[in-house]
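Quick notes on the structure that follows.
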Amino acid sequence: MSKTFGLWVLRLTVVGALALVPPVFAEEVLRVLTWPGYADADLVKAFEKQFNARVEVTFVSTDDVLRERLGANQGRDFDVVAANTAEISSFIDRKLLLPLRMERIPNTQRQLPRFRDLQRIGGILRPEGVYAVPYTFSEMGLIYDRKQVAQAPTSMAAMWDPQYKGRVLAFDGSTHAFSIASLLLHGRPFHIEDRQFKAVVAHLIALRRNVLTFYTLPEESVELFRQSGAALLFANYGSQQVKLLRDAGVDVGYVIPSEGALAWLDCWAVSRGVRNQSLAESWINYTLEPQVSGALTKRQGLSNTIEASPLTQDSDKLIWLEPAEDDKRRASLWARITSGDTPGRF
32 MSKTFGLWVL
42 RLTVVGALAL
52 VPPVFAEEVL
62 RVLTWPGYAD
72 ADLVKAFEKQ
82 FNARVEVTFV
92 STDDVLRERL
102 GANQGRDFDV
112 VAANTAEISS
122 FIDRKLLLPL
132 RMERIPNTQR
142 QLPRFRDLQR
152 IGGILRPEGV
162 YAVPYTFSEM
172 GLIYDRKQVA
182 QAPTSMAAMW
192 DPQYKGRVLA
202 FDGSTHAFSI
212 ASLLLHGRPF
222 HIEDRQFKAV
232 VAHLIALRRN
242 VLTFYTLPEE
252 SVELFRQSGA
262 ALLFANYGSQ
272 QVKLLRDAGV
282 DVGYVIPSEG
292 ALAWLDCWAV
302 SRGVRNQSLA
312 ESWINYTLEP
322 QVSGALTKRQ
332 GLSNTIEASP
342 LTQDSDKLIW
352 LEPAEDDKRR
362 ASLWARITSG
372 DTPGRF
């Protein structure tokens with residue numbers, strides 16, 4: 032064999048061997064805008080290893096901050112975002128999101144029927160496609176002290192019951208307060224008409240007179256419930272508060288009212304400024320793996336979309352949050368209500 036022929040064979044052998052090696056891409060960066068507990072470090076690390084990517088997580092603590100961060104550069108600062116259905120709807124209208132390629136998110140088939148029926152989830156569908164995938168939710172039910180309340184309440188109207196005066200804890204939030212009051216008055220929770228506001232305000236003033244106080248944080252509500260001898264607690268944070276109270280040794284029950292419970296539903300969506308849509312959709316699919324969604328429930332006490340919650344039934348009526356007709360008006364009126372204004376001053 033000639034030296035030239037030998038080198039030629041060697042060159043072919045090397046080229047052939049290289050062809051069998053899978054391509055190695057430069058490390059991709061996935062920019063995630065989300066809430067604490069939705070992207071824990073160990074789960075992020077596992078995703079990075081599986082997809083040869085680096086994940087940059089930005090956490091937010093309020094919807095206001097979420098809106099500001101995503102909208103600051105027309106969505107170009109992030110690839111994937113977690114937001115509730117009301118915010119998703121707003122982001123779509125502002126053209127900050129892209130439709131999803133659902134065939135690239137096969138784990139949606141793992142989800143409970145309630146979350147696969149996207150037509151019944153307001154805010155995430157448009158004629159051009161699906162813009163978000165449900166990830167976690169919490170219904171705003173009613174917590175009660177089993178020692179003080181012999182029979183489980185069936186309606187949020189129990190918070191107005193005179194027998195519980197001074198033993199009710201309510202959430203200090205204008206949007207949800209007006210929605211609940213309107214619902215109890217047989218109105219629409221998110222679209223209160225001008226002529227209905229007076230009656231809703233009067234109903235909320237009656238609530239103010241029946242409550243012990245208003246809370247803002249879940250940990251605060253637990254301490255107040257334990258120390259004040261409260262009988263009823265409007266669970267703005269739902270199952271998370273139930274877990275905190277039970278972990279603290281408090282014997283509480285939890286009900287979804289017959290008129291329905293407001294419920295927030297956080298979803299994953301892809302930003303219009305996404306750099307690698309396939310990687311972003313892989314992240315969404317990854318979060319629907321049993322070990323990832325399960326970790327959210329075990330660590331945060333939040334319900335996920337692939338496992339049935341022991342606190343709710345399929346027949347429970349959950350009312351997914353939608354944008355309110357006028358947040359500023361609700362906030363202004365709520366401030367007056369909680370400060371002590373009487374019905375005659377409205």
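Positions in the sequence shown are counted from 1; adding 31 to them yields this note's numbering.
Here a beta-carbon is modelled for each residue, glycine too, at the ideal position from N, C-alpha and C.
Between Tyr317 and Phe78 a beta carbon distance of about 5 Å is seen, short of the 8 Å cut, so the two are scored as contacting. In this chain, the alpha helix (DSSP H) harbouring Gly325 covers Pro321 to Gln331. DSSP places Phe245 within a strand segment (E or B) once states are collapsed to three. Spatial neighbours of Asn267 in its own chain (CB-CB distance under 6 Å, excluding positions within 5 residues in sequence) are listed in chain order as Met171 and Phe202. Comparing alpha-carbon positions, the option among Tyr166, Leu129 and Pro220 lying closest to Val301 turns out to be Leu129. Under DSSP, Trp299 takes part in a beta bridge, and its partners are Ala113 and Val164. In the DSSP assignment, Trp191 falls outside any beta strand (DSSP E), carrying neither H nor E. Restricting attention to Val63, Leu319, Leu349 and Thr93, the CA atom closest to the CA of Ile337 is found in Leu319. Here Gln81 is exposed: its Cβ has fewer than 16 other Cβ atoms, across all protein chains shown, within 10 Å. Short of 8 Å from the beta carbon of Leu352, and not among the five residues preceding or following it, lie these beta carbons of its own chain, in chain order: Asn115, Thr116, Ala117, Phe221, Leu293, Ala294, Trp295 and Leu296. The beta strand (DSSP E) runs of length 3 or more contained entirely in the stretch 168 to 236 are, from start to end of the chain, 173 to 176 and 199 to 202. According to the DSSP assignment, Ala84 belongs to no alpha helix (DSSP H) but to the beta strand (DSSP E) extending over Ala84 to Phe90.
Straight-line measurement puts the Cα of Ala366 at about 9 Å from the Cα of Asp372. In the three-state reduction of the DSSP assignment, Val63 falls in the strand class. At the C-beta level, Gln271 and Ser169 come within 8 Å of one another. In the displayed model, Ser289 falls within coil according to three-state DSSP, outside both helix and strand.
Remark: C-beta atoms of Cys298 and Ile136 do not approach each other more closely than 8 Å. Under the three-state reduction of DSSP, Arg306 is assigned to coil, being neither helix nor strand.
For Ser334, the secondary structure class from DSSP, reduced to helix, strand or coil, is strand.
In the displayed model, Ala294 falls within a strand according to three-state DSSP. Within the DSSP bridge table, the entry for Trp351 names Ala294 as partners. Nearest to Arg360 by alpha-carbon distance, out of Val232, Ala183 and Tyr166, is Val232. DSSP lists no bridge partner for Val253.
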